[in-house]
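Engineer: When we follow my numbering, the leftmost residue of the sequence shown carries the number 3, and every step to the right adds one.
Every residue, glycine too, gets a C-beta built ideally from N, C-alpha and C.
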Amino acid sequence: MLTVPVSKKIAPEMVVIDDTHNGWRHLIIPIAHSDELVREAVLSASAFHFSANIKAQVFDANTIYAKVIRSLRQRQNLDACDMTERQNVLLALLVLLVTVMVNGSSDFPTIFQLLESAVLAVGGEDALTRDELGVFLVRQIRKFRGYAAPFLSQERGVARLRLTASSKQAATEGWDCFKSYYSIYPQHARQLSLIYELNQQACDIYVRRASIGPDPTASIEAVNRFIQTLEMLPHGSPGEHILVFSIFLVALESTLPEHREHLANTLLRHRGRNGFANITAALEYVRARWSGNTTQDWTESLAMTKVFIV
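1. In three-state DSSP terms, what is residue 139?
2. Specify, as a first and last residue, the run of the alpha helix (DSSP H) that residue 83 falls within.
3. Measure the C-alpha to C-alpha separation of residue 275 and residue 249 and round it to an integer number of angstroms.
4. Could you have a look at residue 77 and say whether DSSP puts it in helix, strand or coil?
5. For the alpha helix (DSSP H) containing residue 303, list its first residue and its last residue.
6. What is the rounded straight-line gap between the Cα of residue 35 and the Cα of residue 44?
7. Given that a residue counts as buried once 16 or more other Cβ atoms are within 10 Å of its Cβ, and exposed if not, what is residue 307?
8. Which class does residue 14 belong to by DSSP, given the choice of helix, strand or coil?
9. Using the Cα positions of residue 300 and residue 256, report the straight-line distance between them to the nearest angstrom.
10. What is the rounded straight-line gap between the Cα of residue 130 and the Cα of residue 117?
11. Tell me where the alpha helix (DSSP H) around residue 189 begins and ends.
12. Closest to residue 68 by C-alpha separation, out of 288, 9 and 109, would be which residue?
13. State buried or exposed for residue 51, treating a residue as buried only when at least 16 other CB atoms are found within 10 Å of its CB.
14. Could you check the C-alpha separation between residue 156 and residue 18 for me, to the nearest Å?
15. Taking the C-alpha atoms as reference points, what is the distance between residue 11 and residue 246?
16. Using only alpha-carbon positions, find the residue among 203, 237, 8 and 225 that is nearest to residue 262.
17. Could you please give the first and the last residue of the uninterrupted alpha helix (DSSP H) stretch that includes residue 46?
18. Please report the distance separating the alpha-carbon of residue 294 from that of residue 287.
19. If I measure Cβ to Cβ from residue 183 and keep anything under 8 Å in the same chain, skipping five residues before and after, which residues do I get?
So, in structure tokens, the structure goes:
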């Protein structure tokens with residue numbers, strides 16, 4: 003029963019377009035039935051989502067989460083594990099990364115560092131890509147590494163988001179999975195192109211703000227352009243859920259009341275749709291910034307959120 007939220011509510015949020023090839027469902031759920039560590043990680047994500055959205059304390063999500071952490075410590079000697087066990091440890095950490103998105107926990111930097119350390123311990127990404135599960139792991143790790151960068155430090159944020167900014171169109175590491183959907187779903191090419199453009203615009207705004215520092219000049223035209231592009235994408239379009247990250251970044255840069263209201267309402271709509279507490283944390287963070295010192299360079303202070311907003 004507790005795997006249902008992951009399969010029906012969480013897995014669709016982890017891919018651009020949910021279909022029968024969604025590895026978060028067709029790879030992770032079967033492994034969860036055979037591996038205790040992965041099962042505990044899946045149950046943890048499900049329990050947090052269930053308790054937050056059903057409003058019933060049938061399961062103690064924090065107890066399940068703590069059990070996963072204890073189990074990971076018992077498997078921390080990856081040299082003594084075979085490749086299947088190593089992949090399952092990485093899979094559990096990947097699910098925990100999603101768990102901190104679901105519950106809006108400040109454990110994000112710790113979980114992400116554990117994941118990166120585990121990748122190094124197993125011999126890097128090249129050692130993983132031997133089968134379907136390994137390819138899935140590497141794609142997801144690369145994707146989350148890109149999203150995580152601005153929440154870890156400004157330096158890492160600039161280095162990663164510059165790759166997606168419009169001036170670097172050829173450098174799109176981490177977007178290979180996204181771009182594969184163009185050929186799979188040509189009927190959605192226009193929507194996918196708009197989504198990619200919106201991510202580029204958000205990355206442009208981040209990189210520009212980081213380059214000029216706490217200059218009182220806001221990117222009003224850039225924010226307005228982002229909103230106009232966003233309005234071209236109909237509600238419910240395939241893939242629109244992956245825009246939470248971009249909307250959050252642009253909201254931090256916004257200064258006009260009408261821009262702020264539009265972006266806040268869009269985040270609220272996504273919060274109502276997926277039930278993830280990290281969006282609640284995002285709204286609290288941007289509203290605190292709007293009511294405080296808006297001349298501060300938000301790209302520098304973003305790492306202090308310790309919440310993974312994507």
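Structural biologist: In short, the structure shows the following:
1. Under the three-state reduction of DSSP, residue 139 is assigned to helix.
2. No alpha helix (DSSP H) contains residue 83, which DSSP labels as neither H nor E.
3. Roughly 15 Å between the two C-alpha positions.
4. Residue 77 falls in the coil class under three-state DSSP.
5. 300 to 303 is the extent of the alpha helix (DSSP H) around residue 303.
6. Straight through space, the alpha carbons of residue 44 and residue 35 are spaced by roughly 10 Å.
7. Around the beta-carbon of residue 307, 16 or more other beta-carbon atoms lie within 10 Å, marking it buried.
8. Reduced to three states, the DSSP call for residue 14 is helix.
9. Residue 300 and residue 256: Cα-Cα distance of roughly 11 Å.
10. Their Cα atoms are separated by approximately 13 Å.
11. DSSP places residue 189 in no alpha helix (DSSP H); its state is neither H nor E.
12. Per the Cα distances, 109.
13. With 16 or more other Cβ atoms from the protein chains shown falling within 10 Å of its own Cβ, residue 51 counts as buried.
14. Roughly 26 Å between the two C-alpha positions.
15. Here the alpha carbons of residue 246 and residue 11 stand approximately 16 Å from one another.
16. Measuring from the Cα of residue 262, the nearest candidate turns out to be 225.
17. Taken as a continuous stretch (DSSP letters only), the alpha helix (DSSP H) holding residue 46 covers 38 to 56.
18. Each residue's Cα considered, the two are about 11 Å apart.
19. Exclusion of the five residues before and after residue 183 leaves 18, 19, 190, 194 and 241 as the residues of its chain whose Cβ lies within less than 8 Å of its Cβ.
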